[in-house]
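Encoded as C-alpha cells, the structure appears first; notes follow it.
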Amino acid sequence: MELKQFKITVLPLRDKLLNYARRLTEDSSDAEDAVQEVMLKLWNQRHKLDEYRSVEAVAMTMTHHLCMDMWRSRRPDAIPLEQIQTTATTGTPERLLEEKDACKLMQEIINSLPTLQRMIIRMKDIEEYETEEIAEITGCNAEAIRSNLSRARKKVRDIYLHAIQERKRRNDV
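The following block contains the structure:
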C-alpha cells in the first residue's frame, strides 16, 4: 500500500479509532497517544495491509490491545492484599501472623490463576469494578465475565480450603 492508498484507506479511520480509544482509556490524551501509535504501526506495516480483509478491523484490534496495555501499565498488576485488608490491626501477635499468612496464601492463589481469570477477579473483588465495566475493559461480554469470575472464585476457594486442610493435617501430626 502506497501513501495515496494509505491516505484513502487508513487516515479516515482516525476519528473512529480515537472515539473507541477514548471510551477505553477515559482520557483524551491517552486516547490520542494510542491512536498515534496505532497509525504509526499501520504505516510501518502498510505493505502487509493488503493481505487483510478489513484494515479497519486490524486498526480497531490494534487500538484495543494498545489501550489494554496502557490500562494495565497504569494499574498495578498485583495490589497488595495487605493494603486492602480491613481487619483491625489490634490482636495478638499470633493472630496477626495468621492473618498475614492467610493474606499471602490468597495472593499466591490469585496469582496462579489464568491471566483473564486473575484480571477479572482482581477487578471485581479487589478493585470493585462493575461487571459491565470489566466487560468494556477486557472486550469480553458480561456473561463471559460472570462465568470466568465464578470459575476463578471456585478455584480460589478450592485451593484455599485444600491448603488450610493440608496445613491443619501437618500441625496435627
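Under UniProt numbering, think of the first position of the sequence shown as 1, with each following residue one higher. For glycine and all other residues, C-beta sits at the position ideal for the given N, C-alpha and C. Quantities reported herein were computed from a predicted structural model and do not represent experimental measurements.
Next item on the list: Please determine if the stretch 51-65 and the stretch 8-18 are in contact, where contact requires at least 3 C-beta pairs separated by less than 8 Å.
Entry: yes
Checklist line | Exposure label - Gln-117; buried when at least 16 CB within 10 Å | finding: Here residue 117 corresponds to residue number 117 of the sequence shown, with the count starting at 1. Gln-117 comes out buried.
Check: Can you name the start and end residues of the alpha helix (DSSP H) that Asp-172 belongs to?
Finding: Working through the sequence shown from its first residue, we reach residue 172 at position 172. Counting along the chain, the alpha helix (DSSP H) containing Asp-172 begins and ends at 142-172.
Margin query: Applying the 10 Å Cβ sphere with the 16-neighbour rule, what's the burial state of Ile-164?
Written below: The residue given as residue 164 occupies position 164 in the sequence shown. Ile-164 should be labelled exposed.
Notebook entry, point to check: Within 10 angstroms of its Cβ, does Arg-23 collect 16 or more other Cβ (buried), or is it exposed?
Noted result: The residue you call residue 23 lines up with position 23 of the sequence shown. Arg-23 should be labelled exposed.
Next item on the list: May I ask which residues mark the beginning and end of the alpha helix (DSSP H) holding Asp-50?
Entry: Start at 1 with the first residue of the sequence shown, and residue 50 comes out as number 50. Per DSSP, Asp-50 belongs to no alpha helix (DSSP H) and is neither H nor E.
Next item on the list: Look at the Cβ atom of Lys-155, then the Cβ atom of Leu-113, and state whether they are nearer than 8 Å.
Entry: Position 155 of the sequence shown, counted from the start, is the residue given in the question as residue 155. Position 113 of the sequence shown, counted from the start, is the residue given in the question as residue 113. Contact: yes.
Notebook entry, point to check: Within the chosen definition, does the stretch 64-71 reach the stretch 24-44 through at least 3 CB pairs nearer than 8 Å?
Noted result: yes
Margin query: So, under 8 Å CB-CB, Thr-131 and Ala-144 are touching, yes? Tell me the CB distance rounded to an integer number of Å.
Written below: As a working note, residue 131 is residue 131 in the sequence shown. As a working note, residue 144 is residue 144 in the sequence shown. That belief does not hold up - the Cβ atoms of Thr-131 and Ala-144 are roughly 10 Å apart, past 8 Å.
Checklist line | Beta-carbon proximity of Leu-105 to Tyr-160, cut-off 8 Å | finding: Start at 1 with the first residue of the sequence shown, and residue 105 comes out as number 105. Start at 1 with the first residue of the sequence shown, and residue 160 comes out as number 160. Against a cut-off of 8 Å, the Cβ pair of Tyr-160 and Leu-105 comes out as a contact.
Next item on the list: Under 6 Å Cβ to Cβ from Glu-136, same chain only, skipping five residues before and after it: list those, please.
Entry: Counting from one through the sequence shown, the residue named residue 136 turns up at place 136. So no residue of the chain qualifies.
Notebook entry, point to check: From Ser-29 to Met-119, what does the alpha carbon distance come to, in whole angstroms?
Noted result: As a position in the sequence shown, residue 29 is number 29, starting the count at 1. As a position in the sequence shown, residue 119 is number 119, starting the count at 1. Using only the alpha carbons, I get a separation of about 25 Å.
Notebook entry, point to check: Count the other CB atoms within 10 Å of the CB of Lys-168; is the residue buried (16 or more) or exposed (fewer)?
Noted result: In the sequence shown, the residue the question calls residue 168 occupies position 168. Exposed is the call here.
Check: Are the CB atoms of Leu-3 and Thr-63 nearer to each other than 8 Å?
Finding: Within the sequence shown, residue 3 is the residue found at index 3, counting from 1. Within the sequence shown, residue 63 is the residue found at index 63, counting from 1. Going by C-beta atoms, Leu-3 is not nearer than 8 Å to Thr-63.
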